[in-house]
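Sequence order for the protein chains is A and B. The first sequence: position 298 = 315 (the numbering used here), numbered continuously. The second sequence: position 340 = 357 (the numbering used here), numbered continuously. By construction, the Cβ of each residue, glycine as well, lies at the ideal position given by its N, Cα and C atoms. Treat the numbers as computed from the prediction; the structure is a model and nothing was measured. Notes follow the structure.
2 protein chains.
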Amino acid sequence: MEIKLDYTNMMADVAGEHGIREEELETLADRIGTIHRDLMDRREKGSLPVYDLPFDREQVEEVRSLADSLAERFDNLVVLGIGGSALGTIAVSRALGPFHHNLCDAQGRNGRPRLFVLDNVDPVGVGETLEILEPQRTCFLVISKSGSTVETMSQFMVAQHWVREQVADAWRDHFVLLTDPTSGPLRKLAREEGFRSCTIPEKVGGRFTVLTPVSLLPLAATGIDIEGLLAGAAAMADQVTRPGLADNPAYLNAALQYLAYGKGLKISVLMPYSDRLRDVADWFRQLWAESLGKKFSLSGDVVHVGPTPVRALGTTDQHSQVQLYMEGPADKVVTFVAVENYGRQVAIPSFPEAPELDYLAGHSLNELIASERQATALALTQNGRPNCTLSLPAVTPEAVGALLYMLEIQTLVAGGLFQINPLDQPGVEEGKKFTHALMGRAGFEDKKAEFDAFEKGVKRRSI
Amino acid sequence: MEIKLDYTNMMADVAGEHGIREEELETLADRIGTIHRDLMDRREKGSLPVYDLPFDREQVEEVRSLADSLAERFDNLVVLGIGGSALGTIAVSRALGPFHHNLCDAQGRNGRPRLFVLDNVDPVGVGETLEILEPQRTCFLVISKSGSTVETMSQFMVAQHWVREQVADAWRDHFVLLTDPTSGPLRKLAREEGFRSCTIPEKVGGRFTVLTPVSLLPLAATGIDIEGLLAGAAAMADQVTRPGLADNPAYLNAALQYLAYGKGLKISVLMPYSDRLRDVADWFRQLWAESLGKKFSLSGDVVHVGPTPVRALGTTDQHSQVQLYMEGPADKVVTFVAVENYGRQVAIPSFPEAPELDYLAGHSLNELIASERQATALALTQNGRPNCTLSLPAVTPEAVGALLYMLEIQTLVAGGLFQINPLDQPGVEEGKKFTHALMGRAGFEDKKAEFDAFEKGVKRRSI
C-alpha cells in the first residue's frame, strides 16, 4: 500500500520565493537523525506505544468479538466522547463505510447498526438524537481515558437515566465503557457495577487513539475492516521508521511543514479531493493543532509556536477558499490528498438538449475531479504558493490505516523539530477549571472567585 | 430580534497587548463614515441589491408556491450546486430544520422531502447518493448563476441521464433550474425546453445569495420558515444601515476584525456553541475568504490581503483547537456565538452508582455548554488572546436571518476598510482555465500547452 508524497511544488525553484531550497532540507538531516534516535529510544523503552498499536493482535481479537456481539444485539451505536474519542471514528467511518450508512436499511448496512457520535453537549444535538432512537435497541460506548471528561460524563448521566427509564432490567448491558486500564470513575464503574469495558492503552493520548479500541470498537461494530486498517498502518510502520529524511515520508513531510512555517507559511491546509476523506482532514486538525500548538519549548523557553491546521475539501472549497489561497497573504501551505482510484466510475453522459455542454460528455466525474486538483495545484504554484500532494491508490482500509499512521508519526517528528512536547495539552486546563467553577463544583471556589472578580472589574462593551 | 455583540475581550485594557485601543476604533470613524456613504449611494443606484433582498415580497410568493408544489410531489430534493449555491442552504437547514431531518420518516419531516446537497463531483458522493434515491420521487434543483459552472453542469448531465433512464415521460418535471434571469445555458434550457426555473437576481454574487431563491426554494420546500428568516434580516437591516460605528454592529465588528488583522491576528475563528449553527460558520468561511482575500487594492496596488476564516464548534473544538488558540502564536481572533435559549432543556440526572459525578447532577447541559463558553472566553482573555461574542436569543428563523444579514453587511464594510473589491473573485479563473484545458475543451489549447510545458520542464520530487 504505497502512499506517495509529491513535494515538487514545495520547492523554491518551482514555487518561488516562499518555497524551500534543497540545502534547507539538507541542513535538517542531522537534526532529523537525532530526533529519530530519540523516538526509537523512547519506543524501545515503552514510552511511545503509539508505534506498536498496529501490531497488537490481542486487542483486535477482543474488539472483534465484542463488536460482533454488539452488532448482533443493537440497531444503534452511540459514541459518547469528544475530541480524540470521537474524531478518529468519524473520520474512518466516513472514509470506509457505506457513504449514507445511517440512511440505509439494515440490509444496506450489511446488518450492522447505525452509528451516532455525540461529540458535544448541545441540548439540541443530544436531545434530538435520543428522540429518534429506541432505547431497547441502542448501545452507548462511553469513551474517556480519564473517566472524568465533563462533557462525556454529562452525556453518560443523561443516557443512563434515559435507558433506565425504559429498560428496567439489564440496563447496564446498553453501555460499554472504554477507559484507562486501572484508574478513574469509569474503570471503577466497570469493576464494581459489572459494565462491559474495553481498555485504552496506557501512554496513548486521546488524539493518537484511532488505532486503539476507542475507534476500532465502533468501527468494527459498524462493519469496517479493522484488520485491513491495522495492516495498512503496519505496512507504513516500515517506511516511517527509516532513519533517513529522504526515505521516510513522515520525516520528509514534517521537515517540509517545519521549514514552510519558518518562512511565514503558518497555516497548513489539508485538502483531500475525496468526500470520503473529508473528515480525515478534521481528525488531522486536532492531531496537528493540539500536538504542536505550545507555549513552552522543551528547554522551558516561551516560544508560542504552532502551525494552524485548516481542513478543506476539493473541489468544493475551490468555490470557497481558493480565492484566498491564491491571492491573499502568502501564509499557507496546501497539502492536497489525491485518490487514484475512487472505486467507482461515474460517466458524464451526453445531454442532447444542451449542446453547450457537449465538451463534458464522454468524460467522467473521475477525470473532472482529478483535473480540478491538478489545475488548482498548478495555479497555486504559478502564483508562488507552495503545495504538495499525498496520493492514495484508493480509499481502502489499508490506505487509510497507512495515511493515519504516517500522519501520527509525522506529528511526533514535527514535535521534535519545533522542540516542543507533542504529547501534552497544558493550555486547556485553565478553561476546564473555570468550567468546574461555573458549574459550582466543590474545590473550585477560588476559580469562581477569580471569574466573579473579572466580571465585576471589567467594563463591559457591547452593542 | 436582538443580536448582541460583546467586544469587551477585544480591547487592549482587557486582553492586553494584542487587543485594540479605544482610540484606534475612534480613528476609524471617519473612514467608516465614508464607506457608509459609498455603500448607501451604491444601494440607491441599484448596484448593491443584497441590501434589499429581505424586502422582496414578490420572490417570496413565487418561491413559496413552487416549494409547496415540489414538497407535495417529491420525497427527495437534491441540490446540484457548489460554493454559494450550496453553503447557505446547508447552513440554514441545519440551523432550523429537524436536527435529523433526513433520518426522520415523512411524519417527522412534517411531510416534507429529504434534502441532499451535492456540492462536489466526487464519483462516490454523487454515485452513492443517486443509489439510495428513487428517481420517480426525486427532484433536482440545478443552481448556477452563470449556467455554466463545470461541477454543477456535470452533475446535471449525470442526473438528467439517470432520470430519463427510469422516468420516460415528463422527465423535465424532475428538474428546476435556478439561474440568471436572461443569459447562460441553463436559462436557455428553461426557455426552450420548458424546464421550470427560478431567477437568481442580477448583481447578487454567489456568496450573497442565501436570501434569494438559491436557498429560499430548497429551504421552503423542506419546511423552513423563510418568511421568518427574511423578517429577521429585514429587522437587522435597520441596525446595519445606521451611519455611526457605535450604533451599527456590522460596522463595529468589521472595524474590530480589521484592526485585529493589522495587529497580526490574521486568522479569524468563528466558533458557535451550538450544533445547529455549526454550518453557519462554514457559510461565513466562504463569505469572508472569497470577499476579502485579494491581490489588488481598489487603486490597483498589489496588497495580498485577507484574513483567513476558520470554522470551529464549541464545546467540541475545545478538545481539538483551543490548546493552539491558547498557547500557539498570537495570530487569531475568536468570535464566539452564544445561544441564550436552546429551545429545549436537557437535565443532567443523578447517577446513583457514580458518586464521583454527583457534582454534575441537578445541573443541565444548557448550563454546562454556557459555562464552557464563558470559561473558554475568560481563559483566552487572561492569556492575552482577543475574542468577542455574538449572542442570539435563540436559534429561530428571525435570529438566523438577522445573523446572516449582519455578516453580509459586515463583509461589505470590511471590503471598504481593506480597500479591496469584496464582490469579485478573480483568483479562481486560472484554475478554471486549467481544468477546461485538462478536460480537453476547445478554446483552451494554449492552457493545455502551458500545463504540458510545466510538467515537461519540472523536476518531479516525490517519495
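Could you confirm whether any beta carbon from chain B is found closer than 7 Å to the beta carbon of residue i?
{"i": "histidine 178 of chain A", "result": "yes"}
{"i": "phenylalanine 192 of chain A", "result": "no"}
{"i": "phenylalanine 301 of chain A", "result": "no"}
{"i": "asparagine 383 of chain A", "result": "yes"}
{"i": "leucine 269 of chain A", "result": "yes"}
{"i": "threonine 44 of chain A", "result": "no"}
{"i": "arginine 189 of chain A", "result": "no"}
{"i": "glycine 323 of chain A", "result": "yes"}
{"i": "alanine 88 of chain A", "result": "no"}
{"i": "phenylalanine 435 of chain A", "result": "no"}
{"i": "isoleucine 365 of chain A", "result": "yes"}
{"i": "arginine 60 of chain A", "result": "no"}
{"i": "leucine 395 of chain A", "result": "yes"}
{"i": "phenylalanine 451 of chain A", "result": "yes"}
{"i": "aspartate 255 of chain A", "result": "no"}
{"i": "methionine 423 of chain A", "result": "no"}
{"i": "serine 214 of chain A", "result": "no"}
Mind reading off the beta-carbon distance from residue i to residue j? Whole number of angstroms is fine, and I expect it under 8 Å.
{"i": "threonine 352 of chain A", "j": "leucine 407 of chain A", "result": "6 Å"}
{"i": "tryptophan 305 of chain B", "j": "proline 326 of chain B", "result": "4 Å"}
{"i": "glutamate 34 of chain A", "j": "glycine 310 of chain B", "result": "Wrong, their Cβ atoms sit about 19 Å apart, outside the cutoff."}
{"i": "tyrosine 342 of chain B", "j": "arginine 402 of chain B", "result": "6 Å"}
{"i": "asparagine 383 of chain B", "j": "valine 363 of chain B", "result": "7 Å"}
{"i": "asparagine 404 of chain B", "j": "valine 350 of chain B", "result": "7 Å"}
{"i": "glutamate 253 of chain B", "j": "alanine 419 of chain B", "result": "The residue you asked about is not glutamate; residue 253 of chain B is methionine in the sequence shown. At roughly 4 Å, the Cβ-Cβ gap stays under 8 Å, so methionine 253 of chain B and alanine 419 of chain B are in contact."}
{"i": "glycine 245 of chain A", "j": "glutamate 415 of chain A", "result": "5 Å"}
{"i": "proline 66 of chain B", "j": "proline 218 of chain B", "result": "6 Å"}
{"i": "serine 232 of chain A", "j": "threonine 146 of chain A", "result": "Their Cβ separation, rounded to whole angstroms, is 20 Å, which puts serine 232 of chain A and threonine 146 of chain A out of contact at 8 Å."}
Could you tell me which residues DSSP puts in a beta bridge with residue i?
{"i": "methionine 288 of chain B", "result": "B/Phe353"}
{"i": "aspartate 197 of chain A", "result": "None, per the DSSP bridge assignment."}
{"i": "asparagine 93 of chain B", "result": "B/Arg131 and B/Thr155"}
{"i": "isoleucine 160 of chain B", "result": "B/Leu195"}
{"i": "serine 214 of chain A", "result": "A/Leu194"}
{"i": "aspartate 23 of chain B", "result": "A/Ser479 and B/Thr406"}
{"i": "methionine 174 of chain B", "result": "For methionine 174 of chain B, which the question treats as bridged, DSSP gives no partner whatsoever."}
{"i": "methionine 28 of chain A", "result": "A/Ile37"}
Are the C-beta atoms of residue i and some chain A residue less than 7 Å apart?
{"i": "glycine 448 of chain B", "result": "yes"}
{"i": "serine 316 of chain B", "result": "no"}
{"i": "glutamine 340 of chain B", "result": "yes"}
{"i": "leucine 83 of chain B", "result": "no"}
{"i": "serine 64 of chain B", "result": "no"}
{"i": "lysine 541 of chain B", "result": "Residue coverage of chain B in this structure runs from 18 to 480, which leaves residue 541 of chain B outside it and unanswerable."}
{"i": "glycine 444 of chain B", "result": "yes"}
{"i": "valine 31 of chain B", "result": "yes"}
{"i": "proline 439 of chain B", "result": "no"}
{"i": "histidine 53 of chain B", "result": "no"}
{"i": "lysine 312 of chain B", "result": "yes"}
{"i": "isoleucine 284 of chain B", "result": "yes"}
{"i": "glutamate 307 of chain B", "result": "yes"}
{"i": "proline 403 of chain B", "result": "no"}
{"i": "isoleucine 386 of chain B", "result": "yes"}
3 or more residues per run - each beta strand (DSSP E) lying fully within the region 353-428 of chain B | The qualifying runs are 404-411.
What residues from the region 345-358 of chain A come within 7 Å of chain B, judged by C-beta to C-beta, listed N to C?
-> Gly345, Pro346, Ala347 and Asp348
Relative to chain A, which residues along the region 225-249 of chain B have a C-beta separation below 9 Å, given in chain order?
-> Of all residues in the region 225-249 of chain B, none has a C-beta nearer than 9 Å to a C-beta of chain A.
Mind listing which residues of the region 129-160 of chain A have their C-beta closer than 8 Å to chain B's C-betas, in chain order?
-> Asp136, Asn137, Val138, Asp139, Pro140, Val141, Gly142, Val143, Gly144, Glu145, Thr146 and Ile149
Runs of beta strand (DSSP E) wholly within the region 302-343 of chain A (minimum 3 residues, chain order) = 311-313, 319-322 and 325-328
For the region 369-382 of chain A, which residues have a beta carbon sitting closer than 8 Å to at least one beta carbon of chain B?
-> Glu370, Ala371, Glu373, Leu374, Tyr376, Leu377, Ala378, His380, Ser381 and Leu382
Mind listing, in chain order, the continuous alpha helix (DSSP H) runs of no fewer than 4 residues lying wholly within the region 30-54 of chain A?
-> none
Check each residue of the region 98-126 of chain A: if its Cβ is closer than 9 Å to any Cβ of chain B, include it; give the result in chain order.
-> Ile99, Gly100, Gly101, Ser102, Ala103, Leu104, Pro115, Phe116, His117, Asn119, Leu120, Cys121 and Gly125
At 3 residues or longer, and completely inside the region 212-271 of chain B: list those beta strand (DSSP E) runs for me, N to C.
-> 213-216
Relative to chain B, which residues along the region 197-209 of chain A have a C-beta separation below 8 Å, given in chain order?
-> Pro202, Lys205, Leu206 and Glu209
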